[in-house]
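In our numbering, the protein residues as written are 86 to 161.
Ideal Cβ positions, reconstructed from N, Cα and C, are used throughout, including at glycine.
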C-alpha cells in the first residue's frame, strides 16, 4: 500500500487521528466558524469518506453580531 499526501483533498489543517477497531477517524479544522471541524473515516488510510461535520446546523453555534472567524475556528 502506498499513501500519498495530502490524504484529504483541500485545506484540512490541525489533523488529529484515532483508530477505533478497524476504522481510522481523522478530525481537521475548517478555519471557519461553521462547520468548524470535519470528521473523515477510512479502513485503509488511503481512501477517506467525510462522515460528519461537527456543527451540522448553524443553530448549534449562534454567532449573530460577531465578525467572521478571521481564518480560525477558535475566533482568533
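Residue burial classification, residue 123 (beta-carbon count within 10 angstroms, cutoff 16): With 16 or more Cβ atoms within 10 Å of its Cβ, residue 123 is classed as buried.
Simplified DSSP assignment, three categories, for residue 93: coil
Residue(s) in a DSSP beta bridge with residue 110: Per DSSP, 103, 126.
C-beta atoms of residue 128 and residue 107 nearer than 8 Å: yes
Spatial distance of residue 95 from residue 138 (CA atoms): 15 Å
Buried/exposed call for residue 134, threshold 16 Cβ in 10 Å: exposed
Per-residue burial, residue 101 [other beta carbons within 10 Å of its own, 16 or more giving buried]: With fewer than 16 other Cβ atoms within 10 Å, it is exposed.
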